[in-house]
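Numbering (my numbering), first residue to last: 1 to 202.
Below you can see the structure in the form of structure tokens.
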């Protein structure tokens, strides 16, 4: 990867796995990663959403991980309004980084994952997140190639930036409960933390 790419995503943890031919970038809630060089982007999703975007002509691709579609405040100050933890900003940042690396918006293809119903009761935050993401792509005229959203389980997602290939693993209900607890803590912290907080989930 170029020195520019390393500098721009210096906050993203990287690791090696002998099962994969490329270096793996691990993203957490509020983060995203884009690469022109072949990479694997990995995350774990509960009710959160990840959108994988790729320009298949130049093989530039990336993925984000966000918890909520958009800020809920109307007309007021929202300390998280510039945060990638919201889909409205996570998508803008992801697209802009792809364009900076030679991609074009009219060539982008999307895959959407997550939005699991991992909470007991009637609340389905994941469904709202998934609906927001799918509606966003439709409004922006970005073709949806694949979606795996909803249902009552969390997911591990591996996205190959060069080919657009995705490996997905469903996690069991025991893991879902743990993720739900962590997401609950994380969501409460969002209400009080400053925009530059290093709060992470997994």
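In this text, a Cβ means the ideal position worked out from N, Cα and C, and glycines have one as well.
Looking at residue 144 and residue 112, is the spacing between their C-beta atoms short of 8 Å?
-> Looking up residue 112 in the chain shown gives position 112. Looking up residue 144 in the chain shown gives position 144. Yes, the pair counts as a contact, with Cβ atoms nearer than the cut-off.
Distance CB(residue 87)-CB(residue 49) smaller than 8 Å = Position 87 of the chain shown, counted from the first residue, corresponds to residue 87. Position 49 of the chain shown, counted from the first residue, corresponds to residue 49. Cβ atoms of residue 87 and residue 49: closer than 8 Å.
Report yes or no: do the region 136-155 and the region 35-42 share at least 3 C-beta pairs separated by less than 8 Å?
-> No, the region 136-155 is not in contact with the region 35-42.
Boundaries of the beta strand (DSSP E) in which residue 27 is found, first to last residue | Position 27 of the chain shown holds residue 27. Note, residue 27: premise wrong, no beta strand (DSSP E); not H, not E.
The region 12-21 contacting the region 123-139, beta-carbon criterion three pairs below 8 Å = Here the region 12-21 does not lie against the region 123-139, with fewer than 3 beta-carbon pairs under 8 Å apart.
For residue 155 versus residue 102, is the C-beta distance shorter than 8 Å?
-> Translated into the one-based positions of the chain shown, residue 155 becomes position 155. Translated into the one-based positions of the chain shown, residue 102 becomes position 102. Not in contact: residue 155 and residue 102 (Cβ atoms no closer than 8 Å).
Based on the DSSP secondary-structure assignment, which residues constitute the bridge partners of residue 155?
-> The residue given as residue 155 occupies position 155 in the chain shown. Answer is 45, 170.
Starting from the C-beta of residue 160, find all residues in its chain whose C-beta is less than 6 Å away, skip the five residues before and the five after it, and write them out in chain order.
-> Locating residue 160 in the chain shown gives position 160, where the first residue counts as 1. Once the five neighbours on either side are set aside, the close Cβ partners of residue 160 are 40.
For residue 141, does the three-state DSSP call read helix, strand or coil?
-> Indexing the chain shown from 1 puts residue 141 at position 141. Correct three-state label for residue 141: coil.
Rounded separation between residue 55 and residue 136 - CA only | Numbered from its first residue, the chain shown carries residue 55 at position 55. Numbered from its first residue, the chain shown carries residue 136 at position 136. The straight-line gap from Cα to Cα measures roughly 18 Å.
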